[in-house]
Amino acid sequence: MAKKRNGRQDAIRDIVRNRDVRTQRMLVDELKAEGFDCTQATVSRDIAEMGLRKLPEGVYVLAEDLHLQRMVSELVVDVHRADNMLIVKAQPGTANGIAAAIDAAELPDVLGSLAGNDTIFVVSQTGEDSQRLEALLQKLRCAKS
1 MAKKRNGRQD AIRDIVRNRD VRTQRMLVDE LKAEGFDCTQ ATVSRDIAEM
51 GLRKLPEGVY VLAEDLHLQR MVSELVVDVH RADNMLIVKA QPGTANGIAA
101 AIDAAELPDV LGSLAGNDTI FVVSQTGEDS QRLEALLQKL RCAKS
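Under full-length UniProt numbering, the residues of the sequence shown are numbered 1 to 145, in order.
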């Protein structure tokens, strides 16, 4: 049972990070599309157990991503991608803090980051990983705390 729950919660983590999930029903549907047989009540318990929160825009976010969301929404100016690399432009003097938040979130698409004064260089394993990370950062950048 725990193994099944952990697998489902890993899938929830991936879905919430990579898609705009606004309702429990949407999350159930996404899980079913990935082969999980679960009910809305099960998903509701997972949401509570995992500490998922809703942003003011109505999109679920992981508790561990909230700090990253605050940093990105307030301090990131732009995000550019080139294959498996991202360049994150930030307010002057804030890049180290943002890079630390990226590292602390333990995002699966991040191999590592390097920060200067106002620029963060983030490397992913593949271009697809980098594309997912770019989408997540853009979603967080547009979200308001």
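The beta carbon of each residue, even a glycine, is placed where N, CA and C say it ideally should be.
* **Every unbroken alpha helix (DSSP H) within the region 47-134, with a cutoff of 4 residues, ordered by chain** => 66-75, 95-104
* **Continuous alpha helix (DSSP H) stretch holding D29: start and end** => Taking the first residue of the sequence shown as 1, we reach residue 29 at position 29. Residues 24-33.
* With a 10 Å radius around its C-beta and 16 neighbouring C-beta atoms as the bar for buried, classify Q125 as buried or exposed. => Indexing the sequence shown from 1 puts residue 125 at position 125. Classification for Q125: exposed.
* Which one of Q131, Q91, A135, E49 has the shortest CA to CA distance from D118? -> To locate residue 118, count along the sequence shown from 1; it is residue 118. Residue Q91 is the option with its Cα nearest to D118.
* Helix, strand or coil at C38 [DSSP, three-state] -> Here residue 38 refers to the residue found at position 38 when the sequence shown is read from its first residue. Reduced to three states, the DSSP call for C38 is coil.
* Which whole-angstrom value describes the C-beta separation of L86 and V61, a residue pair presumed to lie in contact below a C-beta threshold of 8 Å? -> By 1-based counting over the sequence shown, the position of residue 86 is 86. By 1-based counting over the sequence shown, the position of residue 61 is 61. Incorrect: roughly 19 Å between the Cβ atoms, too far for contact.
* Asked: Looking only at its own chain, which residues have a Cβ that is under 6 Å from the Cβ of D65, when we skip the five neighbours before and after it?
  -> Mapped onto the sequence shown, residue 65 falls at position 65. Same-chain partners within the cutoff: A105.
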